[in-house]
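Reviewing the structure listed below.
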Amino acid sequence: MSATLELCGVALRGPVLNASGTFDAVAARRAFGDVLLERFPFDAFVSKTITLHPRAGNPPPRLWEAPAGLINSIGLPNRGLDGFLAEDLPRLAELPVPLIVSVMAAKRDELAVLVERVGARPEVSLIELNVSCPNVETGLVMGADPAEAAAAVERARSSSAKPLIVKLTPTAADPAAVALAAEAAGADALALINTLKGMALDPRTGAPWLGGVSGGVSGPAGRATALEQVHAGARRVRIPVIGMGGIASGSHAADLLAAGATCVAVGTESFRDPAAGERIGRELAALRSGGPGAEPSGTAVSAPVRPR
Amino acid sequence: MSAGSAASAPVGAADSRTLAPLGRRLARVVASEELGPYRMIWAHDAAGPADPQPGQFYMLAAAQGWGAGSDERPFLPRAFSFASVRPAAPHDDRAETALGGPQLGFLLEDVGPGTQRLAALEAGEGLWLAGPFGAGFRSAVDRTVLLVGGGIGVAPILALAEQLGVGAQVLLGFRSAAHAEVARLFPAAVELATDDGSVGRHGLVTAPLAEALETLDAVAEGSAGRGAQAARERPAGSGHPVAAPLVQACGPPPMLEAVRTICAERGVEAQLALEAGMACGFGACYGCVVPTTRGYLRLCIDGPVLDGRLLEASALAGAPDAAARPPGAARELP
Numbered sequence: 001m002s003a004t005l006e007l008c009g010v011a012l013r014g015p016v017l018n019a020s021g022t023f024d025a026v027a028a029r030r031a032f033g034d035v036l037l038e039r040f041p042f043d044a045f046v047s048k049t050i051t052l053h054p055r056a057g058n059p060p061p062r063l064w065e066a067p068a069g070l071i072n073s074i075g076l077p078n079r080g081l082d083g084f085l086a087e088d089l090p091r092l093a094e095l096p097v098p099l100i101v102s103v104m105a106a107k108r109d110e111l112a113v114l115v116e117r118v119g120a121r122p123e124v125s126l127i128e129l130n131v132s133c134p135n136v137e138t139g140l141v142m143g144a145d146p147a148e149a150a151a152a153v154e155r156a157r158s159s160s161a162k163p164l165i166v167k168l169t170p171t172a173a174d175p176a177a178v179a180l181a182a183e184a185a186g187a188d189a190l191a192l193i194n195t196l197k198g199m200a201l202d203p204r205t206g207a208p209w210l211g212g213v214s215g216g217v218s219g220p221a222g223r224a225t226a227l228e229q230v231h232a233g234a235r236r237v238r239i240p241v242i243g244m245g246g247i248a249s250g251s252h253a254a255d256l257l258a259a260g261a262t263c264v265a266v267g268t269e270s271f272r273d274p275a276a277g278e279r280i281g282r283e284l285a286a287l288r289s290g291g292p293g294a295e296p297s298g299t300a301v302s303a304p305v306r307p308r
Numbered sequence: 309m310s311a312g313s314a315a316s317a318p319v320g321a322a323d324s325r326t327l328a329p330l331g332r333r334l335a336r337v338v339a340s341e342e343l344g345p346y347r348m349i350w351a352h353d354a355a356g357p358a359d360p361q362p363g364q365f366y367m368l369a370a371a372q373g374w375g376a377g378s379d380e381r382p383f384l385p386r387a388f389s390f391a392s393v394r395p396a397a398p399h400d401d402r403a404e405t406a407l408g409g410p411q412l413g414f415l416l417e418d419v420g421p422g423t424q425r426l427a428a429l430e431a432g433e434g435l436w437l438a439g440p441f442g443a444g445f446r447s448a449v450d451r452t453v454l455l456v457g458g459g460i461g462v463a464p465i466l467a468l469a470e471q472l473g474v475g476a477q478v479l480l481g482f483r484s485a486a487h488a489e490v491a492r493l494f495p496a497a498v499e500l501a502t503d504d505g506s507v508g509r510h511g512l513v514t515a516p517l518a519e520a521l522e523t524l525d526a527v528a529e530g531s532a533g534r535g536a537q538a539a540r541e542r543p544a545g546s547g548h549p550v551a552a553p554l555v556q557a558c559g560p561p562p563m564l565e566a567v568r569t570i571c572a573e574r575g576v577e578a579q580l581a582l583e584a585g586m587a588c589g590f591g592a593c594y595g596c597v598v599p600t601t602r603g604y605l606r607l608c609i610d611g612p613v614l615d616g617r618l619l620e621a622s623a624l625a626g627a628p629d630a631a632a633r634p635p636g637a638a639r640e641l642p
């Protein structure tokens, strides 16, 4: 396969990634078999966020179906760093695409250990810093404040030479200010957006439905927010932006690229179709070539009227 | 509870599940049959495997009108164990695709926006399918098998009964005679119990289960001339006339909890098919976990059939609404 673009010096065959925590390649291989390696739906694979110590995740229920989307309260279940490096990483290294490992820590010392040990593994091409997961008590701290974010990125920067992607939270008061701070502190790329904060109530009792009380809203419900934040962020920084939020088609991906993103990531749509990433990449390529399969584009209409 | 063991280790010793094609595919609805308050939807899965294992499930979404219900739901596909599988009939395929793939039967009850849309499907409509997913029931050679189903949970039990033929004893529980209409699909006679006594025994299906296990105990004791427990512990295929019994069950959480307890008390192996609201069905979202002795397990990839010994009462009462909902309702996200 020929590389068509580059992200922080890493050659990619295309621009479609998975959003962290929305595709478990190890589990998917159990469900689909080795065809997953032959037809891997994404152009790079982003791992589920790992933490220094194992986490069981939040108590169920963890899901709530919302209009045009989903609220999840998963709570970052993972094996912890040692378990990930020993058991998951060798299996993820068999994937036919570059590997991005997502990490999160509540303390900068822990973040430094995670970045150093993950970065030391040759199978890992890039590291994503999750400073924005809204499900975990400490998740908001680093990503919500420019100074906190800068301090975390600086610490990570000094722990590995691997390119660092900083995944921002859309719920910061000024996400573009956090983006600028992350860039100044040494981030090589930005990923946005993470889920929006939300909650749901048990219809019979009025009590919080989710075991984790609140959760993250994903899916088409967040698409307009993602477009605005990618547009605003990409104009403020020089480093590449990975855009995500509600992408369900090639034209949604094209919108985020037009707004300034270098790559896009598919999340919730993979829950509806395990091969969504592959389809979206194909639709995007068709749109760009204008060839067969290209979707009709509103830009061809001269009048500034939204097609109805 | 440790997340380390829960992350992705297979629960069964051998992972022999039938693999799913990568991605969803468009199947065609060929029939929809009313069965009392339930419906059986038949779809021709031209691009799917012919040999899904009983207990495995598919993610279903109507090709049209998905999202057209109240609150713009459903958004996500819905998980259903297949209730029946048979070779495709020649007329299933209307045009270009070569004949292939099975006809799959899905038993459903209209309990929410997803099941409402699926129940309204008519022959000729498109149905998105992904799967088969998950680990199904593990077959047992030379064992006395007791199949126990409750309500809409009889779906995978029907698939099992069709696979096992007349060799299995089938015990089914329903709310009423109307619900019990589905029992006529079983290939051999079944023992019925209903909540209102309108057909079969008046009461819960777990009463005949306990009696059946007592009977087996008595037979084992008589023929072995020693403790039933010892007889049961002999490995299957050892030539002993009564091999260790195996209970395979699916139904509402209170029924599964009762089955689990009855089997645990007697040292009988129980394979229980659980359900939970799911987003993806293939291990991606981590939304369908149940607490087990090995930590949280994802029902979609480590289940939905779990060994009863992995479960505690809390797992089957885990969802705050588990006991309050009608059987089958947990298949719908709230």
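Residue numbers (our numbering), protein chains in the order written: chain A, 1 to 308; chain B, 309 to 642. Backbone N, C-alpha and C fix where the C-beta goes; we use that ideal spot for every residue, glycine too.
{"Asked": "Tell me which residue opens and which closes the alpha helix (DSSP H) that A:Q229 is part of.", "Found": "R223 to R236"}
{"Asked": "Can you check DSSP and say which residues form a bridge with B:Q556?", "Found": "B:L455 and B:Q579"}
{"Asked": "Give the straight-line distance between the Cα atoms of A:A185 and A:E110, rounded to the nearest whole angstrom.", "Found": "18 Å"}
{"Asked": "Given a threshold of 16 other Cβ atoms within 10 Å of its Cβ, counted over all protein chains shown, does B:A351 qualify as buried or as exposed?", "Found": "buried"}
{"Asked": "Between A:K162 and the rest of its own chain, which residues show a CB-CB distance below 7 Å, the 5 nearest in sequence each way excluded?", "Found": "G119, V124, L126 and I127"}
{"Asked": "I'd like to know whether the C-beta of A:V35 is nearer than 8 Å to at least one C-beta of chain B.", "Found": "yes"}
{"Asked": "If you measure from the beta carbon of A:D188 to each beta carbon in chain B, is any gap under 8 Å?", "Found": "no"}
{"Asked": "Please tell me whether B:L429 and B:I460 are closer than 8 Å, where the distance is taken between their beta carbons.", "Found": "no"}
{"Asked": "Suppose you measure from the CA of B:A538 to the CA of B:L454; what does that come to, to the nearest Å?", "Found": "Note that B:A538 has pLDDT 48, beneath the 50 cutoff, so the model's placement of it is unreliable and the number below is only indicative. Rounded to whole angstroms, B:A538 to B:L454 spans 20 Å at the Cα level."}
{"Asked": "Need the endpoints of the beta strand (DSSP E) that B:G439 sits in, please.", "Found": "G434 to F441"}
{"Asked": "What would DSSP say about B:P543, mapped onto helix, strand or coil?", "Found": "Its pLDDT being 48, under 50, B:P543 is placed unreliably in this model, and the value from its coordinates should be taken loosely. DSSP places B:P543 in coil when its eight states are reduced to three."}
{"Asked": "Using 8 Å as the limit for Cβ to Cβ distance, is A:L99 near chain B?", "Found": "no"}
{"Asked": "Whose C-beta lies closer than 7 Å to the C-beta of B:G409 among residues of the same chain, with five residues either side of it excluded?", "Found": "H352, D353, A354, A355, G356, A358 and A396"}
{"Asked": "DSSP state of A:D255, grouped into three classes?", "Found": "helix"}
{"Asked": "Which chain B residues are close to A:N72, counting only those with a beta carbon under 8 Å from its beta carbon?", "Found": "A587, C593 and G595"}
{"Asked": "List the endpoints of the continuous alpha helix (DSSP H) containing A:I280.", "Found": "A276 to S289"}
{"Asked": "Quick one, which residues of the region 425–439 of chain B are near chain A if we go by CB-CB under 8 Å, in chain order?", "Found": "W436 and A438"}
{"Asked": "Can you name the residues that DSSP bridges to A:S214?", "Found": "A:M199"}
{"Asked": "Just to confirm my understanding: we take B:F445, look at its own chain, exclude 5 residues before and 5 after, and list those with CB closer than 8 Å. What are they?", "Found": "Q361, P362, G363, P464, L468, Q556, Q579, A581 and V613"}
{"Asked": "I'd like to know if A:L63 contacts chain B, where contact means its C-beta is closer than 8 Å to some C-beta of that chain.", "Found": "yes"}
{"Asked": "For the alpha helix (DSSP H) containing A:F271, list its first residue and its last residue.", "Found": "E269 to R272"}
{"Asked": "Specify the secondary structure class of B:A574 as computed by DSSP and reduced to three states.", "Found": "The residue asked about is misnamed: residue 574 of chain B is Arg in this sequence, not Ala. Note: B:R574 maps to helix in three-state DSSP."}
{"Asked": "Where does B:P612 fall in DSSP's three states?", "Found": "strand"}
{"Asked": "If contact is defined by three or more beta carbon pairs under 8 Å, each pair taking one atom from either stretch, is the region 415–427 of chain B in contact with the region 375–391 of chain B?", "Found": "yes"}
{"Asked": "Can you tell me whether A:A149 is buried or exposed, with buried defined as 16 or more other CB within 10 angstroms of its CB?", "Found": "buried"}
{"Asked": "Counting along the chain, where does the alpha helix (DSSP H) carrying B:V462 start and finish?", "Found": "V462 to L472"}
{"Asked": "Excluding the 5 residues preceding and the 5 following B:D504 in the sequence, name in chain order all residues of the same chain whose CB lies nearer than 6 Å to its CB.", "Found": "S484"}
{"Asked": "What does the alpha-carbon distance come out to for the pair A:R235 and B:G458?", "Found": "59 Å"}
{"Asked": "When you compare the CB of A:D43 with every CB in chain B, is at least one pair closer than 8 Å?", "Found": "no"}
{"Asked": "Would you mind giving the Cβ-Cβ distance between B:L512 and B:A501, rounded to the nearest angstrom? I have them listed as a contact below 8 Å.", "Found": "6 Å"}
{"Asked": "With H, G and I counted as helix, E and B as strand and the rest as coil, what does DSSP make of A:A17?", "Found": "In the sequence as presented, Ala is not what sits at residue 17 of chain A; that position holds Leu. Three-state DSSP puts A:L17 in a strand."}
{"Asked": "Alpha carbon to alpha carbon, how far is A:N72 from B:P345?", "Found": "32 Å"}
{"Asked": "Are B:G585 and B:C596 close, meaning C-beta to C-beta below 8 Å?", "Found": "yes"}
{"Asked": "Using 8 Å as the limit for Cβ to Cβ distance, is B:L412 near chain A?", "Found": "no"}
{"Asked": "On a Cα-Cα basis, can you pick out the residue from A:N194, A:K48 and A:A144 that is closest to A:V217?", "Found": "A:N194"}
{"Asked": "Given a threshold of 16 other Cβ atoms within 10 Å of its Cβ, counted over all protein chains shown, does B:P549 qualify as buried or as exposed?", "Found": "Confidence is the limiting factor: at B:P549 the pLDDT is only 42, short of 50, which leaves the residue's position unreliable and the question unanswerable from this model."}
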